[in-house]
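Remember, the numbering used here sits 113 above the position in the sequence shown when you count from 1. Glycine included, C-beta positions come from ideal geometry on N, C-alpha and C. As the structure is a prediction and not an experimental result, all values here were calculated from the model. Data block below; observations after.
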Amino acid sequence: MPPQPDRYRGRFAPSPTGPLHFGSLLAAFGSWLMARRAGGDWLVRIDDLDPPREVPGAAEAQLRSLHAFGLVPDGEVLHQSARGEAYGEAMGKLLASGDAFTCHCSRADLAATGGVHRACVAAARRPDPAVRLRVPFGTVAGFQDALRGQVVQRLDDEVGDFVLRRADGPWAYQLAVVVDDAAQGITEVVRGADLLDSTPRQVFLQQRLGLPTPGYAHLPLVLDPQGAKLSKSSVALPVDDAEPVPALRAAWVALGQEPGALDGLRSPQAVLAAAACTFDPGRLAAAPATFAAAHNTQVADGA
């Protein structure tokens, strides 16, 4: 489906590192709701850029889960692993303009600066150098988040020259996401707050590539009882494809919505239809939801 001018387009972009868990469902459901509220399109993109971290069959399992929950994308699913040519073109443009450069620094070389690259200090040249984006001194990037207000980051001090292609070959997430959001005509990125820190880098890269900057909304994270992000927690169990309604209701509550709006609904299609009609983005909570609260909601609903 080609992008249409002035039409809302959102997306959900999971990494295939395991089955869909509740935190991922929250991000998928939240982005779907924002797209439906705007009368626009909702797309799915698989972030399969890092083969060593990927679990065989995980992407297919994630897509099956989304379908079981009624979250069906409005177009072809894009796999970033097939987009190398587009990323290479973008990187070539940045190298030609001097905005990017090859870097032979290792992690050990940058240990003194806490891993922040401000100048090449490599002890030796590498046969497979990384490519970094140049971040000049004093660079500040920011954006207006729909849920969190103005976000500003001093990139040279906090991030430094960041990687576009890793020394071991894979494309960096920052480059791929910027190129693909532009190619798919994404107008608003709705995702978890764990990626809030990456967004100023992406805005700066969009500017260097002459690409449009979409709107952003970073949803609250689901945390385990110890305060860790659910995807990194031992309680991050897969969602149950056979029982989608309790998990959808729990995600609805975690997004700050009125629980009673979904009372008595027994199918994911009915839940999604009611949710699309009653969703209020003004109720999206800025504070993290806890897994315990979400789990209790599922239990109360008969999960």
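Measure the C-alpha to C-alpha separation of R396 and P372 and round it to an integer number of angstroms.
-> As a position in the sequence shown, residue 396 is number 283, starting the count at 1. As a position in the sequence shown, residue 372 is number 259, starting the count at 1. Cα-Cα distance, rounded: 12 Å.
Is the CB-CB distance between V335 and G136 below 8 Å?
-> In the sequence shown, residue 335 corresponds to position 222, counting from 1. In the sequence shown, residue 136 corresponds to position 23, counting from 1. Yes. Within cutoff.
Let me know the secondary structure DSSP gives Q193 once reduced to three states.
-> Along the sequence shown, one-based indexing puts residue 193 at 80. For Q193, the three-state secondary structure derived from DSSP is helix.
Which residues in the same chain have their Cβ closer than 8 Å to the Cβ of G153, if we skip the five residues on either side of it in sequence?
-> If you number the sequence shown from 1, residue 153 lands on position 40. So the list reads R120, Y121, R122, G123 and T300, once near-sequence residues are dropped.
Indicate the three-state DSSP secondary structure (helix, strand or coil) for L397 in the structure shown.
-> The residue you call residue 397 lines up with position 284 of the sequence shown. Residue state for L397 is assigned as coil, using DSSP reduced to three classes.
Of the choices L260, V234, V366 and D212, whose alpha-carbon is the least far from that of R245?
-> Your numbering for residue 245 matches position 132 in the sequence shown. Nearest of L260, V234, V366 and D212 to R245, Cα basis: D212.
Out of Y200, Q263, S210 and A243, point me to the one whose CA is closest to S219's CA.
-> Translated into the one-based positions of the sequence shown, residue 219 becomes position 106. Ranked by how close their Cα comes to the Cα of S219, the residues Y200, Q263, S210 and A243 have A243 in first place.
CA-CA distance, D163 and G369?
-> Residue numbering aside, residue 163 sits at position 50 when the sequence shown is read from its first letter. Residue numbering aside, residue 369 sits at position 256 when the sequence shown is read from its first letter. D163 and G369: Cα-Cα distance of roughly 33 Å.
Where are the alpha helix (DSSP H) runs, 4 residues long or more, that stay fully inside the stretch 146-209, in chain order?
-> If only complete runs of 4 or more residues are kept, the stretch 146-209 shows the alpha helix (DSSP H) at 171-181, in order along the chain.
Buried versus exposed, by CB contacts within 10 Å (16 or more), T226 | If you number the sequence shown from 1, residue 226 lands on position 113. The residue in question, T226, is exposed, as its Cβ has fewer than 16 Cβ neighbours within 10 Å.
Which residue from V234, V292, D310 and P240 puts its Cα closest to that of V61?
-> Outside the shown range of the chain, which is 114 to 416, sits residue 61, and nothing can be said about it.
Let me know if P127 comes out buried or exposed under the rule of 16 or more other beta-carbons within 10 Å of its beta-carbon.
-> Here residue 127 corresponds to residue number 14 of the sequence shown, with the count starting at 1. By the neighbour-count definition (other C-beta atoms within 10 Å, threshold 16), P127 is a buried residue.
Identify every run of the beta strand (DSSP E) within the stretch 322-386, keeping only runs that are complete inside it and at least 3 residues long; order them along the chain.
-> Fully enclosed beta strand (DSSP E) runs of 3 or longer: 328-332.
Among A235, V229 and R267, which one has its Cα closest to the Cα of C216?
-> Working through the sequence shown from its first residue, we reach residue 216 at position 103. Nearest to C216 by alpha-carbon distance, out of A235, V229 and R267, is A235.
Chain-order list of residues whose beta-carbon lies under 7 Å from that of A306 (same chain, five-residue window excluded) | The residue you call residue 306 lines up with position 193 of the sequence shown. H331, L332, P333 and L334.
Is L361 closer than 8 Å to F182 when the C-beta atoms are compared?
-> For the purposes of this step, residue 182 is identified with residue 69 of the sequence shown, where counting begins at 1. For the purposes of this step, residue 361 is identified with residue 248 of the sequence shown, where counting begins at 1. Annotated as proximal: F182 and L361, with beta-carbon spacing under 8 Å.
Below 8 Å between beta carbons: does that hold for D274 and R314?
-> Along the sequence shown, one-based indexing puts residue 274 at 161. Along the sequence shown, one-based indexing puts residue 314 at 201. For D274 and R314, no; Cβs fall outside 8 Å.
At least three beta-carbon pairs within less than 8 Å, the stretch 143-158 to the stretch 172-189 | Between the stretch 143-158 and the stretch 172-189, the count of C-beta pairs closer than 8 Å reaches three or more; the two stretches touch.
Considering D270, what are the terminal residues of the alpha helix (DSSP H) in which it resides?
-> On the sequence shown, residue 270 is found 157 positions in, with the first residue counted as 1. Segment L268 to E271, the alpha helix (DSSP H) holding D270.
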